[in-house]
Amino acid sequence: MLKRINIIRIILMLIIVLAASIFIPDFYWKANKHEINRTSVYYSPIKKSFVLLKSDVRGVNYTDIKGKQFSRDEFEELIPFVNFRQLMLMGKLPDTIDGHSIVPREINLNNVTLRVNPIMINSRPLQLFPLFESASGRVRLELSPDYFRIGKRMEFVTSITNEVNEEKSQLFTSALQKEGFSFPSKGIYGNPTTKKPFDEGYFVIDNSNKVFHIKMVKGKPFCKNTGIPSSLGIVFISAVEFELREFYGLIITDKNEAYFISYDNYRLIQLPVKDYDHQENTLQVRGDLLYRILVVNKESGFNTVVTDRNYQVVDRYSERWPGKESSTAGIVSAYIFPFTIAIEKDTTPFINFYFKFSDLRCLFLSVVFLIITVFYLRKKNVATKKMGYFSVLVLLTGMYGFIAVLAIKDFDDDPSIPKNS
Amino acid sequence: MFKSLVFKEWLKIRWVFTGLAILNFLVVMNIYFDLLNTFKVYSANVVVGQFQAYEIVFYSNIEYILLFTGLILGVFQLFPEINQTRLKLTFHLPVKENKLMFQMVSVGVLLLITIFLFDAALLSIICIKFLPREFFESMLITTLPWYVGGICTYIWLVTIFIEPNWVKRTISILVAVGIISLFYAGDGFGKYAFSAWYFVLLTGFCSSIIFLSAYNFKRGIC
């Protein structure tokens, strides 16, 4: 049996392993910062193909997918919907494209962008939201004097008194109950800002996974069961108001599907997204007068699909580049670190201990450290029994365990254990 | 024996404890007045909206004061013990060094918890007075690692002070700085919502190392 003091030594060694596995890889990657490849992909309605804007620390490169280079002016002319203001200034905005007359106001109306990343999906904002008056008759939206929550009922808390507005709470709770809402809510999604052209309120998932549309119209509740299937497995809804009024927002499901919620009685439009992992990738949806472009951005590449306005696939393109694991620093790290622990991660806002295990390559160095450890401990006349514990630690944790063994020097001060026995 | 030890520790740190309690109180009052003034300058719904949307941690001033409190209490409790070699005399008492250390550290930790509970209670009253309960619930989980981090700082300080070997002391300082920094990472509400209890556990493990330092101290292992 281990003596209590040796158990404490082992705890100290494990704490050293923990600290080393957090800070040494962190420092290593700080010293070997991976250059980030930034590529923006567009679909040119002029060329009828994808064009790319690649930027790094050296500058910007305008190209098509075959590698043909363009000047900035040429590139901007290829994507007139993105750069219509610049082209207007230069007098280069075409009058028609594919028979569609080009009117700046129409371009602006049809330009839409939605973006969903894992941080947005994994965030847990305070479940307290402002409900705007959707039909105030004013040009600008105004912040409401209260905030709502949906627990056992829908409750409005008046900010100035910090008390529940019973009358309003009762009114909205009754309206929701009438519509068949099952309390409490599982998710409330909206765009709680006054800096938008109009207000569409919130999409709320009730306790039985039905999706309700809630807003306030002339002080009265507007609560509607959207009829969106409860089996969809919604993990996130990006609800954004666009003047275009074609869709309320974008639904992301646990099966990595993406749907627009259309203004046509909440009809779902499935987007042809491919190779998308909502926990790892960023999904960008951009629209213009003629096309919709869906881009799945990953750490080591992207894939993109362009559709027409009826969501029929027109073209696809994907690109991959070496990730940080394929770089020299990445290959070396696979040999020297058996695992790393990070307390922060790009895909979640939460602090935790995020383990990342290396592959079998790390065994090479672990075995080398093990041999050095055995020689070192023998030189220190450490009891064979204890050597076993330390050797296992070094074999499993490699460099970190080796540091811990070096840090704990007084292995064998227990007179009851014979040395080298 | 325990009563005498508690009394001895209390005599040693009563003034620094009082000073730290006053400092914590003043910082919490500063938070209160800042919040009060914010509500005087901006309308309540704007304040609530901004706090919610931008995850403004209006009580963030307390964060490093908690760490500082743990640090200073540890220094004032242990420095005289080491500097005037009182600890050696204490360890000559007919009580096991582990028990003595446990009792000494318990006094420090209990006094820290007293100050921290006082902070938490005042902050809760302030939060509930001005803001909906969601902010209060989020404040509890946001501040938990800061309080535990203050206790962890105290524990590492005790470990470092009583460790007789300078090499081990240096290693302990490096590990302590790393471990304590983990408690103060991330800005915004409830960043430790899924890991706060791991950090409580980590503090529990770290506290056991005090006994190793005491063991080394008693045996003069250098």
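Chains as they are written, first to last, in the numbering used here: chain A, 165 to 585; chain B, 767 to 988.
Don't be surprised by glycine CBs; every beta carbon is placed ideally from N, CA and C.
In its own chain, which residues sit with a C-beta less than 6 Å from the C-beta of residue i, not counting the 5 before and 5 after it?
{"i": "K388 of chain A", "result": "H377"}
{"i": "C893 of chain B", "result": "F901, F902 and M905"}
{"i": "Y353 of chain A", "result": "F367, I401 and A403"}
{"i": "P209 of chain A", "result": "I261 and L454"}
{"i": "P189 of chain A", "result": "F501 and T504"}
{"i": "I180 of chain A", "result": "A568 and A571"}
{"i": "G840 of chain B", "result": "Y920, L923 and V924"}
{"i": "F783 of chain B", "result": "L877"}
{"i": "D363 of chain A", "result": "F296, S298 and L305"}
{"i": "V449 of chain A", "result": "L278 and L458"}
{"i": "I174 of chain A", "result": "none"}
{"i": "T848 of chain B", "result": "Checking the sequence, you will find Ile at residue 848 of chain B rather than Thr. Contacts found: F927."}
{"i": "W912 of chain B", "result": "E829 and L832"}
{"i": "F239 of chain A", "result": "Y226"}
On a CA-only basis, which of the options is nearest residue i? Give me that one, please.
{"i": "W1065 of chain B", "options": "B:L833, B:F842 and B:V794", "result": "Chain B is shown from 767 up to 988; residue 1065 of chain B falls before or after that span and cannot be answered."}
{"i": "P356 of chain A", "options": "A:L557, A:I261, A:L560 and A:F312", "result": "A:F312"}
{"i": "I788 of chain B", "options": "B:F882, B:L859 and B:F773", "result": "B:F882"}
{"i": "P294 of chain A", "options": "A:N275, A:V303 and A:F320", "result": "A:F320"}
{"i": "S523 of chain A", "options": "A:K197, A:L560, A:M252 and A:I261", "result": "The amino acid at residue 523 of chain A is misidentified as Ser; the sequence shows Asp. Answer by Cα proximity: A:L560."}
{"i": "G898 of chain B", "options": "A:T325, A:A299 and A:L278", "result": "Before going further, note that residue 898 of chain B is Pro rather than Gly in the sequence given. Of the candidates A:T325, A:A299 and A:L278, the one whose C-alpha sits nearest the C-alpha of P898 of chain B is A:T325."}
{"i": "L833 of chain B", "options": "B:I917, B:R935, B:F983 and B:E847", "result": "B:I917"}
{"i": "W963 of chain B", "options": "B:T909, B:K865, B:V871 and B:L777", "result": "B:T909"}
{"i": "F927 of chain B", "options": "B:N803, B:L802, B:Y830 and B:N982", "result": "B:N982"}
{"i": "L340 of chain A", "options": "A:L178, A:T390 and A:K549", "result": "A:T390"}
{"i": "T804 of chain B", "options": "B:F824, B:G944 and B:Q818", "result": "B:F824"}
{"i": "W485 of chain A", "options": "A:N467, A:S235 and A:P348", "result": "A:N467"}
{"i": "R288 of chain A", "options": "A:F362, A:G351 and A:Y440", "result": "A:G351"}
{"i": "R222 of chain A", "options": "A:F347, A:E330 and A:E199", "result": "A:E199"}
{"i": "N796 of chain B", "options": "B:L859, B:G874, B:D885 and B:L853", "result": "B:D885"}
{"i": "Y481 of chain A", "options": "A:D452, A:I171, A:Y206 and A:R168", "result": "A:Y206"}
{"i": "I392 of chain A", "options": "A:Y427, A:T446 and A:T203", "result": "A:Y427"}
{"i": "N170 of chain A", "options": "A:L257, A:K550 and A:F566", "result": "A:K550"}
{"i": "L527 of chain A", "options": "A:K509, A:F517 and A:M563", "result": "A:M563"}
If the cut is a Cβ gap below 8 Å, which residues of chain A does residue i touch?
{"i": "N811 of chain B", "result": "P294, L307, S308, P309, D310, Y311, S323 and I324"}
{"i": "I937 of chain B", "result": "I180 and A571"}
{"i": "G944 of chain B", "result": "A183, I186 and F187"}
{"i": "S904 of chain B", "result": "L290"}
My guess is that residue i and residue j are in contact by the Cβ rule of under 8 Å, so how many angstroms apart are they, rounded?
{"i": "L534 of chain A", "j": "Y499 of chain A", "result": "Contact doesn't hold; Cβ gap of about 15 Å is too wide."}
{"i": "M318 of chain A", "j": "F336 of chain A", "result": "4 Å"}
{"i": "V812 of chain B", "j": "L290 of chain A", "result": "Their Cβ separation, rounded to whole angstroms, is 16 Å, which puts V812 of chain B and L290 of chain A out of contact at 8 Å."}
{"i": "V478 of chain A", "j": "Y455 of chain A", "result": "7 Å"}
{"i": "N493 of chain A", "j": "N196 of chain A", "result": "Checking the displayed sequence, the identity of residue 493 of chain A turns out to be Ala instead of Asn. 4 Å between Cβ atoms; contact."}
{"i": "V381 of chain A", "j": "A299 of chain A", "result": "5 Å"}
{"i": "L435 of chain A", "j": "V276 of chain A", "result": "L435 of chain A to V276 of chain A, Cβ: 13 Å. No contact."}
{"i": "T835 of chain B", "j": "N790 of chain B", "result": "6 Å"}
{"i": "M867 of chain B", "j": "E775 of chain B", "result": "That belief does not hold up - the Cβ atoms of M867 of chain B and E775 of chain B are roughly 12 Å apart, past 8 Å."}
Starting from residue i, find everything on chain A with Cβ-Cβ shorter than 7 Å and list it in chain order.
{"i": "G815 of chain B", "result": "P294 and L307"}
{"i": "V941 of chain B", "result": "I179, I180 and A183"}
{"i": "F955 of chain B", "result": "L290"}
{"i": "F971 of chain B", "result": "I175 and I179"}
{"i": "F896 of chain B", "result": "N326"}
{"i": "Y958 of chain B", "result": "I515"}
{"i": "Y981 of chain B", "result": "I169"}
Is there at least one Cβ from chain E nearer than 8 Å to residue i's Cβ?
{"i": "A951 of chain B", "result": "In summary, chain E is missing from the structure at hand, where the protein chains are A and B."}
Which chain B residues are close to residue i, counting only those with a beta carbon under 7 Å from its beta carbon?
{"i": "L176 of chain A", "result": "I975 and L978"}
{"i": "Q291 of chain A", "result": "E900"}
{"i": "I507 of chain A", "result": "L948 and A951"}
{"i": "I378 of chain A", "result": "Near I378 of chain A there are no residues of chain B at all, since even the closest Cβ is about 18 Å away, more than 7 Å."}
{"i": "I172 of chain A", "result": "S974, I975, F977 and L978"}
Cutting at 7 Å between CB atoms, please list the residues of its own chain near residue i, excluding the five before and the five after it.
{"i": "F503 of chain A", "result": "S185, F519, K520, F521 and S522"}
{"i": "T925 of chain B", "result": "S938, I975, I976 and S979"}
{"i": "S555 of chain A", "result": "L534, T537 and V538"}
{"i": "S947 of chain B", "result": "none"}
{"i": "G344 of chain A", "result": "N389"}
{"i": "C988 of chain B", "result": "Any reading at C988 of chain B must be qualified, since the residue scores a pLDDT of 48, below 50, and its modelled position is unreliable; the value itself is stated next. Same-chain partners within the cutoff: P930 and N931."}
{"i": "S333 of chain A", "result": "R317, M318, E319 and F320"}
Determine the chain B residues that contact residue i at a beta-carbon separation under 9 Å, and present them in chain order.
{"i": "P356 of chain A", "result": "G815, Q818 and A819"}
So residue i contacts chain B; which residues on that side make the cut at Cβ distance below 8 Å?
{"i": "F517 of chain A", "result": "S961 and Y964"}
For residue i, which residues of its own chain have a beta-carbon under 8 Å away from its beta-carbon, when the five flanking residues on both sides are left out?
{"i": "Y830 of chain B", "result": "Y950"}
{"i": "T358 of chain A", "result": "F296, R304, L305, E306 and L307"}
{"i": "V328 of chain A", "result": "E319, F320, V321 and T322"}
Report yes or no: do the region 509-526 of chain A and the region 948-967 of chain B share at least 3 C-beta pairs separated by less than 8 Å?
Result yes; three or more Cβ-Cβ pairs closer than 8 Å.
Can we say the region 372-386 of chain A touches the region 234-247 of chain A, given the rule of at least three CB pairs closer than 8 Å?
The region 372-386 of chain A makes no contact with the region 234-247 of chain A: fewer than 3 CB pairs, one atom from each, lie closer than 8 Å.
Do the region 210-218 of chain A and the region 226-233 of chain A meet, that is, are 3 or more Cβ pairs less than 8 Å apart?
As far as the Cβ criterion goes, the region 210-218 of chain A touches the region 226-233 of chain A, which means the pair count is three or higher.
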